[in-house]
Amino acid sequence: MAVQHDQLRVLYEAFNARHIESALAGLHPDVVWANGLEGGTVKGRSAVRDYWTRQWQQIDPRVEPQRFEGENDEVVVEVRQVVRDRTGHLIAERTVYHYFRFEGGLVKVFEIR
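Residue numbers for the sequence shown follow this note's numbering, beginning at 57 and rising by one.
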C-alpha cells in the first residue's frame, strides 16, 4: 500500500475527530484546498483551519475513505460522505471523489470531483 494512502487515512481520521492540528500537519504550508461549503478554494494551512472552523460551526460532516487509486504524487479517494446539521438531522449522504496531489510528502492540492 502506498505511503500516501496511510497519510490520507490519518488525515480523514483527524478530520472526523475534529483534531484540527493533527489534520493540518499533513498539509503543505501552501496547500490549495477546495471549499466545498462556500465554493472556490482556500490557500494555506491557516485558511484551511479557518474554513474547517466555519464549516464545523454550521454542519457536521463525516468522510470515510472507501477506496484509494493512484500513489506517489496523485491519489483519488472514493469517499462516503455523511453531512448532518448541528442538531443531528441528515442533510446529505453520498459518494464523492477526493483528488489529492502531494509535494514534498505533504498534501499540496485537494479537489472534490
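Each residue gets a CB set at the ideal place from its N, CA and C atoms; glycine is no exception.
Given a cut-off of 8 Å on the beta-carbon distance, is the pair residue i and residue j in contact?
i: residue 82; j: residue 63; result: yes
i: residue 90; j: residue 168; result: yes
i: residue 112; j: residue 74; result: yes
i: residue 127; j: residue 60; result: yes
i: residue 80; j: residue 101; result: yes
i: residue 84; j: residue 152; result: no
i: residue 129; j: residue 157; result: yes
State the DSSP-derived secondary structure class of residue i, mapped to helix, strand or coil.
i: residue 129; result: coil
i: residue 105; result: helix
i: residue 196; result: Residue 196 cannot be examined here, being either before or after the span of the chain that is shown, 57 to 169.
i: residue 61; result: helix
i: residue 70; result: helix
i: residue 110; result: helix
i: residue 140; result: strand
i: residue 169; result: coil
Am I right that residue i and residue j are in contact with their C-beta atoms under 8 Å? What's the rounded C-beta distance?
i: residue 68; j: residue 117; result: Contact doesn't hold; Cβ gap of about 11 Å is too wide.
i: residue 150; j: residue 137; result: 6 Å
i: residue 71; j: residue 119; result: 7 Å
Where do the N-terminal and C-terminal ends of the beta strand (DSSP E) with residue i fall, by residue?
i: residue 93; result: It is not in any beta strand (DSSP E) - residue 93 carries neither H nor E in the DSSP assignment.
i: residue 81; result: Here residue 81 belongs to no beta strand (DSSP E), and DSSP marks it neither H nor E.
i: residue 151; result: 146-159
Legend entry - Any 3 or more C-beta pairs closer than 8 Å across the region 133-145 and the region 102-111: no
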